[in-house]
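So for the sequence shown, this note's numbering puts the first residue at 2; every next one is plus one.
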Amino acid sequence: MFKFMRVPDRLFKLVMWIVSFVFAGFLVGLGGKIVADLPRLEAPVSREQFADAAALKAARDEIRTLGEQQRQLDDEQARNRLALTAAANAYRSAHAAYGNWIRTRTATTDPQQDPEVVERTRNLDALKAREREAQGAVEAHDARLLAARQALATQRRAEGQLLEAADSAYRGALFRQQLRVFGARLALTLPLLAIAGWLVARK
């Protein structure tokens with residue numbers, strides 16, 4: 002009779018242990034959910050907050066301006082290179098035609114064609130001058146592009162130095178923020194873990 006009474010008692014203790022573990026898991030899960038939302042309590046810290054705001058804004062504005070200028074120069078340079086290619090092709094084509102014509106003229110040695118030789122030579126010289134002009138435009142744009150790239154690189158270095166100067170203050174603020182979040186998590190989680198441990202130990 003007494004053994005029969007002890008079975009429900011053991012079963013009851015086992016069920017209480019299971020309920021305690023489930024409740025402890027629930028408390029830890031609830032604590033985890035609360036803890037997961039804690040970083041939203043504070044605004045995120047960024048390196049830019051600790052840099053010289055006016056200098057950083059000026060550097061970034063200059064970077065944007067120089068970037069736009071470089072894109073425009075790249076577009077103009079592409080057009081200049083196309084013009085140079087067209088001028089070079091026109092000169093080569095005219096030079097080849099002139100070479101063929103002059104060979105024919107040499108073979109016939111017709112003195113009446115001398116004025117045409119002079120005119121064709123002038124046309125070739127004009128085409129060569131156009132090619133040189135296009136080449137000069139490409140070279141001038143190369144110089145402007147180089148200056149724009151160097152100015153852009155200088156501004157990016159200046160931006161990097163401003164952010165680097167703010168790095169130690171940023172790291173300190175980030176550490177303090179993480180410490181506050183950790184303290185808040187500990188303050189929320191520790192009582193829940195203590196309650197769960199107490200319930201488990203009590204059963």
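Glycine included, each C-beta is placed from N, C-alpha and C at the ideal position.
- With respect to L193, L28 sits close: the two C-beta atoms are nearer than 9 Å.
- When only Cα atoms are considered, A88 and L147 end up about 24 Å apart.
- Residue environment analysis places A141 among the exposed positions, since fewer than 16 neighbouring C-beta atoms fall within 10 angstroms of its C-beta.
- With contacts defined by Cβ atoms closer than 9 Å, F51 and A167 form a contacting pair.
- A straight-line Cα-Cα distance of about 6 Å links L85 and Q136.
- In this structure, the CA atom of G33 is about 47 Å from the CA atom of T66.
- Under the Cβ criterion (8 Å, minimum of three pairs), the segment 115 to 128 counts as touching the segment 92 to 100.
- Counting only runs of at least 3 residues, the segment 18 to 104 fully encloses no beta strand (DSSP E) element at all.
- Between the alpha carbons of S169 and I196 lies a distance of about 41 Å.
- Contact check for R61 against E160 passes: the beta carbons are separated by less than 9 Å.
- In this structure, L57 places its C-beta atom within 9 Å of the C-beta atom of E49.
- If you draw a straight line from the Cα of Q71 to the Cα of T190, it is about 55 Å long.
- When D53, E63, V20 are compared, the shortest CA-CA separation from A154 is found for E63.
- Rounded to the nearest angstrom, the gap between the Cα atoms of A59 and G100 is 59 Å.
- Separation of L180 and A25 (C-alpha to C-alpha, rounded to the nearest whole angstrom) is 26 Å.
- In this structure, N81 keeps its C-beta atom at 9 Å or more from the C-beta atom of A144.
- Annotated three-state conformation of A144 is helix, per DSSP.
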